[in-house]
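Presented below is the structure to which this report refers.
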Amino acid sequence: MARPEIGALIGAVVVLVLFLVVAPPFRNLGNVGTVLYGSALIGIMAVGVSLLMIGGEFDLSTGVAATTSGLTAALVAWNFGLNVWVGVLVALLVSLAIGAFNGWLLVTTGLPSFLVTLGTFFVLRGANLGITRNVTENVATTSIADMDGWDSAQAVFATTFKIGPVSIKMLVLFWIVLTVVAAYVLLRTRVGNWILAVGGDDAAARAVGVPVRAVKIGLFMFVGFCAWMLGMHLLFEFSVVQSGEGVGKEFIFIIAAVVGGCLLTGGYGSVVGAAIGALVFGMTQLGINYAGWNPDWFFSFLGVMLLLACIVNLYVKKKADAR
Amino acid sequence: MSPRTETAPTHVGGATTSILEMRECGKNYGNVSALRGVTLNVRQGEVTCVLGDNGAGKSTLIKIMAGLHDYNAGEMFVNGELRHFSSPRESLASGIATVYQDLALAPLMSVWRNFFLGNEIKKGFLGTLDVPQMKKVCGEELTKMGIVIPDLDRPIGALSGGQKQCIAIARAIYFGAKVIILDEPTAALGVKQSGVVLKYIVKARDAGLGVVFITHNPHHAYLVGNHFVILKLGRVVLDAHRDEISLDELTAEMAGGKELADLSHELRAADPGKVVEPHTVTGGIDAPSGVLPRVGEDGREGVGTPRS
């Protein structure tokens, strides 16, 4: 009962049962792939965001950073007429650099991550639009679907394959693998122990010799990596990237992590929980559609879910501590 | 690093050797000098007590030894080598472990994770944590020290102050510290819990460690200390071996010694009515009585006048 993801698990079961009852199409096995895909779009970022939150920091620039990554790959390949893979690689470097910059600024200035990444959020939001319009004279990238390397890159980032009646997007596989790896790192490696300690009490961690600065910068860079994965998927799924996309998504990733049991104050949480949080989000999104409810109410429903999950998490944690 | 050639050990041929030695150490923060000319010897198998009031320079002293700040006057020798620490890691690597007042424990992490924080046991080529082994060692070490925690997965924040203090000390000893610095370990504890911690200090001393016990409680210090250093305003005002000083003297020195006598004198001067002897009161001065002078509406003094 002491695990942080218990609240999310209860929530997921409740949501699942609810929509199985009220939304007949939800029972169709073929829709599992759709639900999982919706969840993966949130979950892939929630992996990085949850580790970062356990490490005691926030990132508000994640949504637009994913767009930046997609734009970078598309614009570099198109503008210079290069192989698409070169763009993909440049985008990875840019994403890691954004993460490293966030982390470096945080540990150097001591400013709260809320402010640092809020700044980055606005800078990227503006740059996404400004640079795209400068290069393509449009608010979206030009399609790069006919360029060298597109087919192989699309095969990696945006394939769909079938398991029985269920069609699974590649992103879902990435999401699951990344979640498993991150959960293993957090719970079963030395770095994971450091992440928990840095988020719990960074002065204490420093005093026993944990390289606090390196851990924080590394976490921000991992978030950058996740943004790159999402950005690449969006690019190769739709072949164009809208420069204004991603605004507001950062909170959804944070919500998935919080529903999954991550404390806003750091030092406690679970990567698997964040994945379950993303799953709750995915099920809700589709469930409302399938149930024929007015989708205008989606966000209200989400807000209620968030509050309930937090209350359950708090209750479970109190119970566990009081043993 | 220059070997200690010109600085002979203080206890030549003695039973104890100096592991950490400070000579005329000083530290300035800008214009403020927090520590001046501090000479201190930490020997194996001895408890060196550092006493001092708030602002006496105890924290600065700890920070220098723990590697959080560097000193900028004098010399510090660790195992006979002149050292300047630039990080806590260096201090730790030299065998100096510091147990801070806030204990350097992450409250939401489990007992065993905290115990091994920064010294995790790994196995296999992936560097997986050896969780069963870590739990086993942690349980054994704590039992050795007489702490029984049935569930090592409990968050450390759920334990009592004394238990946390002991875990922090046990951790320092297990990871091969030669010197442990304890920053006010009994300050936030009750009498019984303090007793438990003091017993650990003795255990650590008997295990051959050099213990630096920072405190402002002379009673606690005298129970376990071999050597006493009192700091005041960044200077050493007393440096005595246990044989040279009694508890009463230590308490008096700690309470301020001459300063306290001066203060008492000053207080008497400030409020004679409360402190003067009874016969002087009956003898001369009248207590004020009747109507006291007050200021009228026009600002002039006196509707009534005091009786003379």
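Just so you know, the protein sequences line up as chains A and B, in that order. For the first sequence, this note's numbering begins at 244 and goes up steadily by one. For the second sequence, this note's numbering begins at 501 and goes up steadily by one. For each residue, glycine too, the CB sits at the ideal point set by N, CA and C. Values in this document were obtained by computation on a predicted structure and should not be read as measured data.
- Residue contact check for MET609/B against chain A: a CB pair falls below 8 Å.
- When C-beta atoms of the stretch 479 to 489 of chain A are compared with those of the stretch 353 to 373 of chain A, three or more pairs fall below 8 Å, so the two segments count as touching.
- Restricting attention to VAL409/A, VAL319/A, TRP328/A and SER356/A, the CA atom closest to the CA of THR385/A is found in VAL319/A.
- Under the Cβ criterion (8 Å, minimum of three pairs), the stretch 602 to 611 of chain B does not count as touching the stretch 573 to 589 of chain B.
- For ASN436/A, the residues of chain B that pass the 9 Å Cβ criterion are MET609, ARG613, PHE616, LEU617, GLY618, GLU620 and LEU629, in the order they occur in the chain.
- The stretch 401 to 417 of chain A makes contact with the stretch 259 to 276 of chain A: 3 or more CB pairs, one atom from each, lie closer than 8 Å.
- Secondary structure at PHE625/B: coil, using DSSP grouped into helix, strand and coil.
- Short of 7 Å from the beta carbon of VAL331/A, and not among the five residues preceding or following it, lie these beta carbons of its own chain, in chain order: ALA316, ALA396 and MET475.
- At least one CB atom of chain B sits nearer than 8 Å to the CB of TYR511/A.
- Taking C-beta atoms as the reference points, ILE562/B and ILE714/B count as a pair closer than 8 Å.
- Ranked by Cα distance from PHE675/B, the first of ASN619/B, THR548/B, ILE519/B and HIS720/B is ASN619/B.
- The DSSP assignment places complete alpha helix (DSSP H) segments of no fewer than 4 residues inside the stretch 672 to 722 of chain B at 691 to 706, in order along the chain.
- As computed with DSSP, ARG735/B is found in a beta bridge with LYS732/B.
- With its beta carbon less than 8 Å from one in chain A, TYR600/B belongs to the interface.
- Just so you know, the alpha carbons of PRO655/B and TYR427/A end up roughly 20 Å apart.
- One thing to note: VAL547/A has its Cβ no nearer than 8 Å to the Cβ of GLY520/A.
- A Cβ-Cβ separation of about 19 Å leaves ALA447/A out of contact with LEU294/A under the 8 Å criterion.
- Pairing ILE647/B with LEU545/A, the inter-Cα distance amounts to about 46 Å.
- The Cβ neighbour count for ALA255/A, taken over all protein chains shown within 10 Å, is at least 16; the residue is labelled buried.
- Boundaries cannot be given for ARG270/A, as no alpha helix (DSSP H) includes it and DSSP labels it neither H nor E.
- Residues of chain A with a Cβ closer than 9 Å to the Cβ of PRO588/B are, in chain order, ARG449, ALA450, VAL451 and GLY452.
- Between the stretch 291 to 309 of chain A and the stretch 456 to 474 of chain A, the count of Cβ pairs shorter than 8 Å is three or higher; the stretches touch.
- Annotation for GLY574/B: the continuous beta strand (DSSP E) segment containing it runs 573 to 578.
- Setting aside the 5 residues that flank it on each side, GLY306/A is surrounded in the same chain by GLY489, VAL490, GLY491, LYS492 and GLU493, each with a C-beta closer than 7 Å to its C-beta; the list follows chain order.
- Straight across, the Cα-Cα distance linking GLY324/A with LEU339/A is about 23 Å.
- Annotation for ASN537/A: no beta strand (DSSP E) segment contains it, and DSSP assigns it neither H nor E.
- With a cutoff of 8 Å on beta-carbon distance, LEU414/A and LEU284/A are scored as near each other.
- Its Cα nearest to that of GLY298/A, the residue LEU507/A stands out among GLY535/A, LEU522/A and LEU507/A.
- For VAL550/B, the three-state secondary structure derived from DSSP is strand.
- Residue ranges of uninterrupted beta strand (DSSP E) with 3 or more members, entirely inside the stretch 409 to 456 of chain A and ordered along the chain, are 409 to 412.
- By the criterion of at least three beta-carbon pairs nearer than 8 Å, the stretch 543 to 553 of chain B is in contact with the stretch 727 to 740 of chain B.
- According to the DSSP secondary-structure assignment, GLY526/B is paired through a beta bridge with ALA573/B.
- Taking all protein chains in view, the Cβ of PRO538/A is surrounded by fewer than 16 other Cβ atoms within 10 Å, so the residue is classified as exposed.
- Secondary structure note for PHE365/A: its alpha helix (DSSP H) is the uninterrupted segment 356 to 379.
- A direct Cα-Cα distance of roughly 16 Å separates LYS699/B from ARG671/B.
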